[in-house]
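**Q** Before anything else, here's the structure in question.
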Amino acid sequence: MDQEEMSPCTVTKNAICQCRTGTYCHRNATCNECLLCRPSCPKEQVLQQTCSSTSDNVCVTVTPDPSDPSGLILEQKIFTKCLKHKEASEKDAESPFLPHKSSKLYMKTDIIGDEAFTRTFRIFVDLVPARIFEKFVLELGLTNNEINIAKQDIGFPEEQHLAMLLQLHRDHQRFDVNIWLSKLDSIRLEKVAQDITIRLIKDGLFERTG
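In short: position in the sequence shown from 1, add 5, done, that's our numbering.
Rendered as structure tokens:
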């Protein structure tokens, strides 16, 4: 077995698994088996990002600095660049979901697909309080009749809520993560909106611009 269990199966959710350390499977792929991470970078390339459960080691080609035959200056530049990138990503994930009007979240172009949308919707289902969920989807445009249809033949509230969001996306084309977050803010759930933003960025689904 090349995957490890991250969250056990419950009465409302299936088990969540990911590839073991040293192996990976791309986020937007259906994983039948995990792939081994490359052991090292080729000559004239350096490691930019270490292997994780969803991506291989990322290597980049570098051009030697003629003023430094030893390569120490180049190595320091690469290390500093990677460190700044990591710090910026962590700071970005923890900042308020809409610090100013021009700030928006965009789904990463390399993961767009049904699986990415489902993962995004499950984050909303996990973090939006159940007692307020129907009010939330009414604000987004579902009717009471559509809510009742989404709940038919589904016993667990979490799956009912997921069905409501999928219906908004599939039948109404009303998925805009920035609007959804703003709706949460308008019904006094700004902290929930911020927690969702942090999850969307840290899980590699969205990035912030502006």
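Here a beta-carbon is modelled for each residue, glycine too, at the ideal position from N, C-alpha and C. Treat the numbers as computed from the prediction; the structure is a model and nothing was measured.
1) Per the DSSP calculation, Leu110 is bridged to which residue(s)?
2) Rounded to whole angstroms, what is the Cα-Cα separation between Leu132 and Val197?
3) List the DSSP bridge partners of Gln54.
4) Who are Cys24's beta bridge partners in DSSP?
5) I'd like the span of the alpha helix (DSSP H) that includes Asp181, first residue to last.
6) If you draw a straight line from the alpha carbon of Asn149 to that of Gln54, how long is it in whole angstroms?
7) Sorted by chain position, which residues of the same chain lie with C-beta nearer than 7 Å to Ser100's C-beta, five sequence neighbours on each side aside?
8) Please determine, among Gln23, Glu10, Met112, Arg179, the residue with the shortest C-alpha to C-alpha distance to Ser144.
9) Taking the alpha-carbon of Phe129 as reference, which of Leu52, Asp158, Leu194 has the nearest alpha-carbon?
10) Can you give me the start and stop residues for the alpha helix (DSSP H) that Phe138 sits inside?
11) Thinking just about the alpha-carbon of each residue, which of Tyr111, Asn19, Gly27 is nearest to the one in Asp181?
12) On the CB-based measure, 16 or more other CB atoms within 10 Å of its CB, does Gln199 come out buried or exposed?
13) Go to Gly199, then tell me how far its alpha helix (DSSP H) extends in each direction, as first and last residue.
14) For Ser60 and Leu40, I'd like the C-alpha separation in whole angstroms.
**A** Let me lay it out:
1) Counted from its first residue, the sequence shown places residue 110 at position 105. Paired residues: Arg213.
2) The residue you call residue 132 lines up with position 127 of the sequence shown. The residue you call residue 197 lines up with position 192 of the sequence shown. Between Leu132 and Val197, the C-alpha separation is close to 6 Å.
3) In the sequence shown, residue 54 corresponds to position 49, counting from 1. According to DSSP, which records beta bridges pairwise, Gln54 is partnered with Val63.
4) As a working note, residue 24 is residue 19 in the sequence shown. For Cys24, which the question treats as bridged, DSSP gives the partners Gln8.
5) Translated into the one-based positions of the sequence shown, residue 181 becomes position 176. Looking at the DSSP string, Asp181 is not in any alpha helix (DSSP H), and its letter there is neither H nor E.
6) Counting from one through the sequence shown, the residue named residue 149 turns up at place 144. Counting from one through the sequence shown, the residue named residue 54 turns up at place 49. Near 47 Å, if we compare the C-alpha coordinates of Gln54 and Asn149.
7) Against the sequence shown, residue 100 aligns to sequence position 95. The pLDDT assigned to Ser100 is 47, lower than 50, so where the model puts this residue is not dependable, and the model offers no usable value.
8) Start at 1 with the first residue of the sequence shown, and residue 144 comes out as number 139. The residue you asked about is not Ser; residue 144 is Glu in the sequence shown. Checking every option, the nearest Cα to that of Glu144 belongs to Arg179.
9) Within the sequence shown, residue 129 is the residue found at index 124, counting from 1. Of the candidates Leu52, Asp158, Leu194, the one whose C-alpha sits nearest the C-alpha of Phe129 is Leu194.
10) Taking the sequence shown and counting its residues from 1, the one referred to as residue 138 is at position 133. It spans 135 to 145 - the alpha helix (DSSP H) in which Phe138 sits, taken as one unbroken run.
11) On the sequence shown, residue 181 is found 176 positions in, with the first residue counted as 1. That would be Tyr111, whose Cα lies nearest to the Cα of Asp181.
12) Taking the sequence shown and counting its residues from 1, the one referred to as residue 199 is at position 194. Its Cβ being crowded by 16 or more others within 10 Å, Gln199 is buried.
13) Position 194 of the sequence shown, counting from 1, holds the residue named residue 199. Looking at the sequence provided, one finds Gln at residue 199 rather than Gly. Run containing Gln199: 195 to 207, per the alpha helix (DSSP H) assignment.
14) As a first step, residue 60 is located in the sequence shown; it is residue number 55 there, counting from the start. As a first step, residue 40 is located in the sequence shown; it is residue number 35 there, counting from the start. In a straight line, the C-alpha of Ser60 is about 9 Å away from that of Leu40.
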